[in-house]
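Before any comments, here is the structure.
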Amino acid sequence: MLDLKLIRSNPELVKAALAKRGASISLEPFLALDERRREKLAEVEKLKNKRNVVSEEIGRLKQAGQGAEAMVLEMREVSAAIKDLDDEIRRLEGEIQQTLLGIPNIPDEGAPVGRDEQDNVELRRWGEPPQFTFAPKAHWDIGEALDILDFERGGKVAGARFTFYKGLGAALERGLINFMLDTHTREHGYVEVLPPFLANSASMTGTGQLPKFAEDMFKLEGTDYYLIPTAEVPVTNLYAGEILDGGKLPIYHCAYSACFRAEAGAAGRDTRGLIRQHQFNKVELVKISNQEDSWEELEKLTLNAERILQLLGLPYRVMALSTGDMGFSAAKTYDIEVWLPSYNSYKEISSCSNFRDFQARRANIRYRVGKGKPLFAHTLNGSGLAVGRTVAAILENCQTEAGTVKIPALLQPYLGGVTEIK
RNA sequence: GGAGAGAUGGCCGAGUAGGUCGAAGGCGGUCGCCUGCUAAGCGAUUAUACGGGCUAAAACUCGUAUCAAGGGUUCGAAUCCCUUUCUCUCCGCCA
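Just so we're aligned: the first sequence equals residues 1328 to 1749 in the numbering used here.
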């Protein structure tokens, strides 16, 4: 959520910033609402003041045993007027709030300006895509041939975009989760949390999934529960409504969760394999930072996610997302893309963003330094990493001509010493 | 799922036959004083949001709101009524 005062005092700046996203938003109706609200507010506050003063006087008179009938009658009318004005103001505020919640974050100056993913900027590469002396197979073929992934039965039991992992496939997924969590907690200083996989609408609003992206999520019928699309939601909202001790920032959390996405607009895309599932596993990194350090924290967080790929020996590149390709809540985003032979290209495996105070304002996450006023925190998060896509990358990049898969050395202890899936 | 109890400021905790309560007291925090060391003592201060005034911006100042949330009764509600949420205890059920 943007600062109402910023929009009010500097609408042109806001408009220009949002235009970079390709979002042309007319702020005039909004500003008119805001103007009207303030008028009504001044009006009603004057009346309330009168009511407070006179009511006090009535109390005094009654205790002195004197009548105050005329005043009571007058105040009865004042109260009626107040009620009408309050209703009007409530209505206006609701409208303003809804509009505000629907406006995306202002892109940071450092984010490359562009229309879509074509304009993303490559920052760096690590590792070399493997050169195969044979025709490499896609991970879905490898997985079925080794009997470690079962897409067919996933479809039977649940539906399209659901998969059974089996045997060493399941163990590989589980081992990766532990490997990632261990690396982030032991080497990068994150505190692990295991969050609820359902969250309510207030939390979904806090991180920006609602109100605009309801159709991307699964909602439990007859309840206020949504299946979380990412652990970002419960973990960031961990501190919703709180005033944190500025001295305790930054807070680093990593969290494993299953993630659930309706993939409403993705029909026909990535239909095969593990790349785009309704349910997938992810280890998420979340940071609550002060306002000064969040940019540095974003760089560090991205490196923490990259580290996993380096330890696994998987080639990747890092992209700075263009303003037109960034998510709704982000001020700046780096995508990490892993090499995927079946796509013959790099494929997103992590997305690391600084939201600045956009989420904190919605979720009311603040901190205080000394005796100072509470300040909105800056929130960040990134995948560290998407586990299913990591499995896909390992199967494809580490495959052999014989159809087996070599397990990266550092992962072997997590698979009971297994060196190869065959 | 059934029965009961509860939700007050950073924390603990008063306050319910409605009126001067943004809210006693304590703890903690901050500033000052005192004491030739740590301690203790004394005094003061210590919420947030929104809107107005002033300002380069603050400070400051005025107003309004906030005692879980929302609604109602009333001239006036932390105090009365209704709804919802959450917490605790007992029973049932269950991993």
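Where is the CB? At the ideal position from N, CA and C, for every residue including glycine. Note that the structure is predicted; figures quoted are calculated from it, not measured.
Residue span of the beta strand (DSSP E) that contains Ala1647, given as start and end: Counting from one through the first sequence, the residue named residue 1647 turns up at place 320. Where Ala1647 is concerned, the enclosing beta strand (DSSP E) stretches over 1643 to 1647.
Alpha-carbon spacing of Val1341 relative to Asn1681, whole angstroms: Counted from its first residue, the first sequence places residue 1341 at position 14. Counted from its first residue, the first sequence places residue 1681 at position 354. Roughly 18 Å separates the two Cα atoms.
Residue nearest to Glu1623 in terms of C-alpha spacing, selected from Gly1437, Ser1672, Ala1472, Asn1447: Counted from its first residue, the first sequence places residue 1623 at position 296. Out of Gly1437, Ser1672, Ala1472, Asn1447, Gly1437 has the C-alpha closest to the C-alpha of Glu1623.
For Ala1720, the nearest candidate out of Leu1499, Lys1749, Asp1477, Ile1385 (CA to CA): Stepping through the first sequence from its first residue, residue 1720 is reached at position 393. Answer by Cα proximity: Leu1499.
Start and end residues, alpha helix (DSSP H) containing Glu1425: Along the first sequence, one-based indexing puts residue 1425 at 98. Position check: residue 1425 holds Gln in this sequence, whereas Glu was assumed. Start and end: 1396 to 1428.
Distance between Glu1420 and Leu1712 (C-alpha atoms, nearest Å): As a working note, residue 1712 is residue 385 in the first sequence. As a working note, residue 1420 is residue 93 in the first sequence. Cα to Cα, the separation comes out at about 40 Å.
Assigned exposure category for Ser1336 - 16 Cβ within 10 Å defines buried: Taking the first residue of the first sequence as position 1, residue 1336 is located at position 9. That one is exposed.
Among Lys1373, Phe1545, Leu1722, nearest to Ala1585 - alpha-carbon criterion: Working through the first sequence from its first residue, we reach residue 1585 at position 258. It is Phe1545 whose Cα lies nearest to the Cα of Ala1585.
Beta-carbon spacing of Ala1526, Val1562 below 8 Å: What you label residue 1526 is simply residue 199 of the first sequence in a count that begins at 1. What you label residue 1562 is simply residue 235 of the first sequence in a count that begins at 1. No, they are not a contact pair.
Range of the contiguous beta strand (DSSP E) that encloses Ile1663: For this step, residue 1663 is matched to residue 336 along the first sequence. Its beta strand (DSSP E) spans residues 1659 to 1667.
Limits of the unbroken beta strand (DSSP E) element including Lys1609: The sequence position of residue 1609 within the first sequence is 282, counting from 1. First-last of the beta strand (DSSP E) with Lys1609: 1606 to 1616.
Which residues DSSP lists as bridging Lys1332, in chain order: The residue labelled residue 1332 in the question sits at position 5 within the first sequence. Looking at the DSSP assignment, Lys1332 forms no beta bridge with any residue, so it has no partner.
Stretch pair the segment 1514 to 1523 + the segment 1577 to 1596: three plus CB contacts closer than 8 Å: yes
Cβ shell of Lys1733 (< 6 Å), same chain only, five flanking positions each side left out: Start at 1 with the first residue of the first sequence, and residue 1733 comes out as number 406. Contacts found: Cys1725, Glu1747.
Glu1633 to Leu1329 span [Cα, whole Å]: Looking up residue 1633 in the first sequence gives position 306. Looking up residue 1329 in the first sequence gives position 2. If I take the Cα positions, the gap works out to 31 Å.
Other residues of its chain near Arg1599: CB distance less than 6 Å, five sequence neighbours each side excluded: Here residue 1599 is taken as the residue at index 272 of the first sequence, counted from 1. Cβ neighbours of Arg1599 beyond the five flanking positions: Trp1467.
Inter-residue CB distance, Glu1723 and Ala1465 (contact presumed, cutoff 8 Å): Numbered from its first residue, the first sequence carries residue 1723 at position 396. Numbered from its first residue, the first sequence carries residue 1465 at position 138. Rounded, the Cβ-Cβ distance is 7 Å, consistent with contact.
Inter-stretch contact at 8 Å, needing at least 3 Cβ pairs: the segment 1690 to 1703 / the segment 1636 to 1650: no
Test item: CB-CB of Phe1478 and Thr1426 under 8 Å: The residue you call residue 1478 lines up with position 151 of the first sequence. The residue you call residue 1426 lines up with position 99 of the first sequence. In this structure, Thr1426 does not lie closer than 8 Å to Phe1478 by Cβ.
From Thr1490, Gly1482, Gln1458, Ala1485, residue whose alpha carbon lies closest to that of Gly1470: Counted from its first residue, the first sequence places residue 1470 at position 143. Measuring from the Cα of Gly1470, the nearest candidate turns out to be Thr1490.
Cβ shell of Ile1413 (< 7 Å), same chain only, five flanking positions each side left out: For the purposes of this step, residue 1413 is taken as residue 86 along the first sequence, with counting starting at 1. Sequence inspection shows Asp at residue 1413; the Ile mentioned does not correspond to that position. Once the five neighbours on either side are set aside, the close Cβ partners of Asp1413 are Val1371.
Three-pair Cβ contact test at 8 Å for the segment 1599 to 1618 versus the segment 1699 to 1718: yes
C-alpha distance - Val1440 paired with Ile1663, whole-angstrom precision: Here residue 1440 is taken as the residue at index 113 of the first sequence, counted from 1. Here residue 1663 is taken as the residue at index 336 of the first sequence, counted from 1. Cα to Cα, the separation comes out at about 19 Å.
Burial state of Ser1351, where buried means 16 or more other Cβ atoms lie within 10 Å: By one-based count along the first sequence, residue 1351 stands at place 24. With fewer than 16 Cβ atoms within 10 Å of its Cβ, Ser1351 is classed as exposed.
Cα-Cα separation between Asp1509 and Ser1672, rounded to whole angstroms: As a working mapping, residue 1509 is identified with position 182 in the first sequence. As a working mapping, residue 1672 is identified with position 345 in the first sequence. Roughly 29 Å between the two C-alpha positions.
Secondary structure of Val1341, DSSP reduced to three states: Position 14 of the first sequence holds residue 1341. Correct three-state label for Val1341: helix.
6 Å CB neighbourhood of Asp1435 in its chain, flanking five on each side removed: Translated into positions along the first sequence, residue 1435 becomes position 108. If we look at Asp1435 and ignore the five residues flanking it on each side, its Cβ neighbours are Ala1658, Lys1659.
Own chain residues within Cβ distance below 6 Å of Ile1430, not counting five before or after: As a working note, residue 1430 is residue 103 in the first sequence. Closer than 6 Å at Cβ, skipping near neighbours: Leu1329.
Residue ranges of each beta strand (DSSP E) within the segment 1543 to 1604, 3 or longer: 1552 to 1554, 1570 to 1572, 1578 to 1587
For Leu1521: DSSP bridge partner residues: To locate residue 1521, count along the first sequence from 1; it is residue 194. According to DSSP, which records beta bridges pairwise, Leu1521 is partnered with nothing at all.
Nearest-angstrom Cα separation, counted from Glu1362 out to Val1405: Reading the first sequence from its first residue, position 78 is the one you call residue 1405. Reading the first sequence from its first residue, position 35 is the one you call residue 1362. Approximately 24 Å between the Cα atoms of the pair.
Extent of the continuous alpha helix (DSSP H) to which His1705 belongs: Walking along the first sequence from the start, residue 1705 turns up at place 378. Unbroken run through His1705 is the beta strand (DSSP E), 1705 to 1713; no alpha helix (DSSP H).
Beta-ladder partner(s) of Val1448, from DSSP: Within the first sequence, residue 1448 is the residue found at index 121, counting from 1. DSSP, once it has assigned bridges, lists Ala1647 as partnering Val1448.
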